[in-house]
Amino acid sequence: MTGTDGSGPLPTASRLPRPPFLRERSAGASPGRQLREVLARPGLAIAPGAADALTALLIEEAGLPVIYVTGAGIANAQLGVPDVGLVSLEEALRVVRAITAVVSTPVFADADTGYGNAINVTRTVREFERAGAAGIQLEDQVTPKRCGHFEGKEIVAAEEMVAKLRAARFARIDPDFVLVARTDAAAVAGLDEALRRARQYAEAGADAIFVEAPRTAAELARIPREVPGVPHVVNIVEGGKTPVLPAAELADMGFSLALYANLSLRAAMRAVRAALGHLSVTGSSIGLEEQIVTMAERQAVVGLGEVETLERAFLKESPEKEPAERPRTSF
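In the working numbering, the protein residues as written are 20 to 350.
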């Protein structure tokens with residue numbers, strides 16, 4: 020096959036390069052199975068947060084094993100609102116669909132409180148699974164929820180959360196779809212109650228446990244030790260309630276996955292603010308060249324080169340047509 024622009028032979032269709040939106044997931048393993056394999060590995064896996072597909076592509080480019088679709092990030096970046104329960108199911112799903120369409124890395128999503136009661140949770144699970152997520156996180160706050168590192172949180176009865184977890188297990192199609200149970204009880208009723216709930220949620224069938232906002236390294240260490248037999252998730256929020264510890268230390272404690280839910284968002288906010296401040300003061304982007312990605316780097320991330328190859332393979336040049344002779348009129 021030869022390019023329509025005369026650029027030489029093109030690969031056969033089976034060997035044509037694929038841009039991110041046409042790449043396929045690895046054969047044989049469902050998204051949930053891929054995530055379970057990550058959770059089962061020795062050491063601590065890192066899951067940066069993404070609130071858009073471009074950030075997800077950058078996480079995949081960096082070689083990190085899990086992409087976390089952050090509810091707080093969606094609230095801030097997509098809606099411009101704080102993380103206080105204002106994101107709807109469909110708004111979250113829209114981001115998940117966009118991300119899973121362009122990455123092969125397993126995508127773990129924040130489903131807040133499940134968007135309602137246990138029956139609502141059944142639909143929530145099905146919709147996230149259909150959207151390509153590898154798993155979701157459900158939490159035991161009241162609706163509307165608040166960021167786990169905000170003040171003023173309230174929690175539902177443990178029995179209500181157990182019912183949601185059972186409903187979620189009932190609803191999932193793929194038995195490997197991962198259900199992470201998060202408890203916010205530490206900030207409301209103390210760590211002992213949070214650990215009691217964590218054990219209860221594990222017994223109800225949660226695939227992993229996420230105790231939000233422990234305040235000290237000693238509290239962190241208690242979580243995997245006192246809730247054994249299940250993978251543990253820790254949320255690292257710079258400036259939040261939980262201390263930021265090295266990966267090796269968290270791994271030694273027994274954590275399997277560390278969420279850096281909004282590190283990318285916060286880094287981007289500072290960079291954008293600096294660039295816009297420069298533009299406001301100088302009226303030009305001159306001097307910012309070393310602080311921004313090149314045009315080529317930007318297009319490489321989203322696969323422009325692959326799309327241009329497909330254009331040469333599949334689009335035929337249309338010969339220019341002579342304009343048809345206009346019919347004569349009486350005037």
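Heads up, the beta-carbon is just placed ideally off N, CA and C, and yes, glycines get one too.
From Ala94 to Ser107, what does the alpha carbon distance come to, in whole angstroms? 10 Å
What does a CB cutoff of less than 8 Å around Ala294 pick up in its chain, not counting 5 residues either side in sequence? Ser304, Leu307, Gln310 and Ile311
Roughly how many whole angstroms lie between the Cα atoms of Asp193 and Ser299? 51 Å
Got a sec, what are the start and stop residues for the alpha helix (DSSP H) Pro67 sits in? Run containing Pro67: none in the alpha helix (DSSP H); it sits in the beta strand (DSSP E), Ala64 to Ala69.
Name the two residues that bound the continuous beta strand (DSSP E) containing His251. His251 to Asn254
When DSSP labels each residue in this structure, what does Leu157 get in the three-state scheme? strand
What's the C-alpha gap between Gly151 and Ala120? 8 Å
Inter-residue spacing [alpha-carbon to alpha-carbon] between Tyr279 and Gly302: 35 Å
Could you tell me whether the segment 203 to 217 touches the segment 168 to 185, where touching means 3 or more Cβ pairs closer than 8 Å? yes
So, is Thr313 buried or exposed, given that buried needs 16 or more other C-beta atoms within 10 angstroms? Flag for Thr313 reads exposed.
Taking only the alpha-carbon atoms, compute the straight-line gap between Val122 and Arg216 and give it to the nearest angstrom. 34 Å
Is Lys340 helix, strand or coil by DSSP? In this predicted model, Lys340 has a pLDDT of only 49, less than 50, meaning its place in the structure is not dependable; the value taken from the coordinates is given anyway. In the structure shown, the three-state DSSP call for Lys340 is coil.
Quick check: the Cα distance between Met392 and Val320, rounded to an integer number of angstroms? Residue coverage of the chain in this structure runs from 20 to 350, which leaves residue 392 outside it and unanswerable.
C-alpha distance - Ala233 paired with Leu112, whole-angstrom precision: Residue identity differs from the one stated: residue 233 is Pro in this sequence, not Ala. So the two alpha carbons sit approximately 29 Å from each other.
Identify whether Leu239 lies in helix, strand or coil by the three-state DSSP scheme. helix
Whole-angstrom distance between Leu58 and Val197, CA atom to CA atom: Answer to the nearest angstrom: the Cα atoms are 10 Å apart.
I'd like to confirm something about Ala69: is its beta-carbon nearer than 7 Å to some heavy atom of the ligand SAH, or not? Absence of the ligand SAH is noted for the structure shown, with no ligands found whatsoever.
Please name the residue, chosen from Asn139, Leu210 and Ile242, that lies closest to Arg185 on a Cα-to-Cα basis. For Arg185, the nearest C-alpha among the options comes from Asn139.
N-terminal and C-terminal residue of the beta strand (DSSP E) that Arg201 is part of: Val197 to Thr202
Near Val326, what residues of its chain come up, given a Cβ to Cβ distance below 7 Å and the 5 sequence neighbours on each side ignored? Here the set comprises Pro38.
Would you grab the beta carbon distance between Ala96 and Asp131 for me? Rounded to a whole angstrom, and I think it's under 8 Å. Their Cβ separation, rounded to whole angstroms, is 16 Å, which puts Ala96 and Asp131 out of contact at 8 Å.
Are the beta-carbon atoms belonging to Ala128 and Ile155 less than 8 Å from one another? yes
Please name the residue in Val88, Gly104, Thr141 and Glu158 whose C-alpha comes closest to that of Val126. For Val126, the nearest C-alpha among the options comes from Val88.
DSSP state of Leu276, grouped into three classes? strand
By Cβ distance below 8 Å, which residues in the same chain neighbour Leu98 in space, the five residues on each side in sequence not counted? Excluding sequence neighbours, Leu98 sits near Leu105, Val106 and Glu110.
Between Asp195, Thr235 and Ile242, which lies nearest to Asp211 when the distance is taken from Cα to Cα? Ile242
Simplified DSSP assignment, three categories, for Tyr220: In the three-state reduction of the DSSP assignment, Tyr220 falls in the helix class, which pools H, G and I.
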